[in-house]
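**Q** Start counting at 1 in the sequence shown, then tack on 94, and there's your number in our numbering.
In this text, a Cβ means the ideal position worked out from N, Cα and C, and glycines have one as well.
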Amino acid sequence: MNNHYSKIEPALYVISTPIGNMQDISNRSLKMLSLSDYILCEDTRITSKLLNFYNIKKKLISFNVVNEKQKIHKILEDLKNQKVISLVSDAGTPAISDPGSNLISRCYEIGVQVRPIPGASAILSAVSVSGFSDNFYFCGFLPKKQTELEKFLAKTKLVKASLVFFMPARDLGKNSKFLTKYFPKSNFLIAREMTKVHETYIKDTIVNIKKYVQDNDKGEMTLVIDNSVEEKTDINIDKEIKLLIGKMTSKNIAQYLSKKLEISKKIIYQKVIDLNE
95 MNNHYSKIEP ALYVISTPIG NMQDISNRSL KMLSLSDYIL CEDTRITSKL
145 LNFYNIKKKL ISFNVVNEKQ KIHKILEDLK NQKVISLVSD AGTPAISDPG
195 SNLISRCYEI GVQVRPIPGA SAILSAVSVS GFSDNFYFCG FLPKKQTELE
245 KFLAKTKLVK ASLVFFMPAR DLGKNSKFLT KYFPKSNFLI AREMTKVHET
295 YIKDTIVNIK KYVQDNDKGE MTLVIDNSVE EKTDINIDKE IKLLIGKMTS
345 KNIAQYLSKK LEISKKIIYQ KVIDLNE
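(1) Using the Cα positions of Ser215 and Thr187, report the straight-line distance between them to the nearest angstrom.
(2) Let me know the secondary structure DSSP gives Asp298 once reduced to three states.
(3) Reducing DSSP to helix, strand and coil, say where Val366 ends up.
(4) Under 8 Å from any heavy atom of the ligand HEM, does the C-beta of Ile155 make it?
(5) Can you give the beta carbon distance from Ile113 to Ser219, rounded, assuming they're within the 8 Å contact cut?
(6) Below 8 Å CB to CB, which residues in the same chain sit around Lys163 once its five sequence neighbours on both sides are set aside?
(7) From Asp228 to Ile140, what distance separates their C-alpha atoms?
(8) Select from Ala263, Lys254 and Asn269 the residue whose C-alpha is nearest the C-alpha of Glu242.
(9) When the distance is taken between beta carbons, is Pro262 closer than 9 Å to Met315?
(10) Taking the beta strand (DSSP E) that Met315 falls in, what are its first and last residues?
(11) Using 8 Å as the Cβ pair cut-off and three pairs as the minimum, do the stretch 176-196 and the stretch 129-149 touch?
(12) Does Val258 come out as helix, strand or coil in the three-state DSSP assignment?
(13) Could you pull the start and end residues of the beta strand (DSSP E) that Tyr148 belongs to?
(14) Would you report the Cα separation of Val160 and Ile169, rounded to the nearest angstrom?
(15) Throw me the rounded Cβ distance for the Ala248 and Ser322 pair, which I believe falls under 8 Å.
(16) Check each candidate in Lys341, Lys279 and Glu334 and name the one with the smallest Cα separation from Ile362.
(17) With a Cβ-Cβ cutoff of 9 Å, do Met126 and Leu144 count as a contact?
(18) Excluding the 5 residues preceding and the 5 following Thr339 in the sequence, name in chain order all residues of the same chain whose CB lies nearer than 8 Å to its CB.
(19) Hey, which unbroken runs of the alpha helix (DSSP H) at 4 residues or more fall wholly within the stretch 196-229?
(20) Specify, as a first and last residue, the run of the beta strand (DSSP E) that Ser180 falls within.
(21) Can you tell me which residues form a DSSP beta bridge with Ala285?
(22) Starting from Ile347, trace the alpha helix (DSSP H) in both directions and tell me its first and last residue.
(23) Which of the three DSSP states, helix, strand or coil, is assigned to Thr395?
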């Protein structure tokens, strides 16, 4: 076997773990976990279940947003001292809407090697079964506050691609009216319990999807929005705005075109700002 694949070098190994089905993990990932000096994980209880399933006995250290600042110095010292350390999240790929990006960035700053060991990803899994454009944009979790949420959706609407979000199922109800406001004609895919016994995929408008989900609001879901098709108003709106720039204020342009084109004022206002830059 090529030494590149058999030799374990001191480094931080960023390892993807299953998003549901325990069998969705590579032999290489399991080998790396078993050979690590210790494993960094969000929740030791969750990672313990994976290790117990494969009969791997290894020291686990909790590493999350709560304790990251207190623990990062010691971890970096261990890495500089040639330790082999693995980083995992509760499910899927670490540092993607999960802790880890700061640690990884610091590793590069001090000359410590970082190595990915790829595997399961809720983002790619949802996009692959959506039937939407494979040109996608990952948005992470939606903002909690309404003002931030609307500003965020107004900006992401301008991205002509499949939009991917993570969302607690309980938040779909309160977020649905804003998703309907900014994506009234778009198709959505809701992916829940992916790779598990009760995995569910619903593809419809957000209004209809809400009906399916309202009776079961536990857990998290991955939401994919088909925003790849340029609507007629999106094609013409820049021309409309350019005709008015210099004649009206940005606020008045947004108010005027919002009524004329029946589009959110915030969406038009953002386009005005972009065109003025």
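**A** So, to answer that:
(1) 6 Å
(2) strand
(3) helix
(4) Looking at this structure, you won't find the ligand HEM or any other ligand, since it has none at all.
(5) 7 Å
(6) none
(7) 32 Å
(8) Asn269
(9) yes
(10) Glu314 to Asp320
(11) yes
(12) strand
(13) From DSSP, Tyr148 is part of no beta strand (DSSP E); its letter is neither H nor E.
(14) 15 Å
(15) Incorrect: roughly 18 Å between the Cβ atoms, too far for contact.
(16) Glu334
(17) no
(18) Checking the sequence, you will find Ile at residue 339 rather than Thr. Excluding sequence neighbours, Ile339 sits near Ile347, Val366, Leu369 and Asn370.
(19) 216-222
(20) Ile179 to Leu181
(21) Tyr295 and Thr316
(22) Ser344 to Leu355
(23) For the chain, the structure presents residues 95 to 371; residue 395 sits outside this window and is missing.
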